[in-house]
Amino acid sequence: MSVYNHGQETLAGSELALNDGDSKNVVLALSKSEPGHHMLVTRVRDEKGNLLDQTTQDFMLVDQTAPTDYDFVFPTGVENYTEGTKVLASDGAIYQCKPFPHSGYCKQWSPTATQFEPGTGSHWDSAWNKLN
């Protein structure tokens, strides 16, 4: 298996032999990690080296040093949400709690009552403004 960046530069690789039905955890250390599109390519070969199967899994690396522009990852701290609170929602967007009298809706959430969940609830726009 190999990891490539978007420019198809090899960043890590590993080969291992497995018997049918076996599995093994593999850790690959990338030679460099930059934000953006990457691919994990897995190749299955028989004992003679003939290629039997190949799969590609796309994934994104994100810059972890970028400052956060939100106060909470929704629904963490939901009981503390007030007017102006910014949250990172499950859709990856940032939402800001609307001013009074709508701000009371921002903290009305539970796993079975999701109508005000930012971006996905049936009435999310009654409580939240989408910022990005």
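Take the sequence shown: its letters are residues 1 to 132, numbered as in UniProt numbering. Cβ atoms here follow ideal geometry from the backbone N, Cα and C, with glycine treated the same way.
Original post:
Got a sec? Which residues, its chain only, sit under 7 Å from Gly118 by beta carbon, not counting five neighbours each side?
Top reply: The count along the sequence shown starts at 1 and reaches residue 118 at position 118. Residue 118 is actually Pro in this sequence, not Gly. Correct list, in chain order: Phe74, Val87, Ala89, Tyr95, Trp124, Trp128.
Original post:
Quick one: is His6 buried, meaning 16 or more other Cβ sit within 10 Å of its Cβ, or exposed?
Top reply: Locating residue 6 in the sequence shown gives position 6, where the first residue counts as 1. Exposed: under 16 other Cβ atoms inside 10 Å.
**OP:** Throw me the rounded Cβ distance for the Cys106 and Thr85 pair, which I believe falls under 8 Å.
**Re:** Looking up residue 106 in the sequence shown gives position 106. Looking up residue 85 in the sequence shown gives position 85. That belief holds up - the Cβ atoms of Cys106 and Thr85 are roughly 6 Å apart, short of 8 Å.
Original post:
When the Cβ atoms of the stretch 18 to 29 are set against those of the stretch 47 to 55, are three or more pairs found closer than 8 Å?
Top reply: no
**OP:** Can you grab the Cα-Cα spacing for the pair Tyr70 / Leu131, in whole Å?
**Re:** Residue 70 sits at position 70 when you count from the first residue of the sequence shown. Residue 131 sits at position 131 when you count from the first residue of the sequence shown. About 10 Å.
Subject >> Which listed residue (Glu47, Cys97, Ala113) has its alpha carbon closest to that of Asn19 >> reply: Here residue 19 is taken as the residue at index 19 of the sequence shown, counted from 1. Among Glu47, Cys97, Ala113, the Cα nearest to that of Asn19 is on Glu47.
Original post:
Once you ignore the five residues that flank Phe72 on each side, which residues in its own chain have a CB closer than 6 Å to its CB?
Top reply: What you label residue 72 is simply residue 72 of the sequence shown in a count that begins at 1. Counting only Cβ-Cβ distances below 6 Å, and skipping sequence neighbours, we find Val87.
Subject >> DSSP three-state assignment for His123, whether helix, strand or coil >> reply: Counted from its first residue, the sequence shown places residue 123 at position 123. His123: coil per DSSP, three-state reduction.
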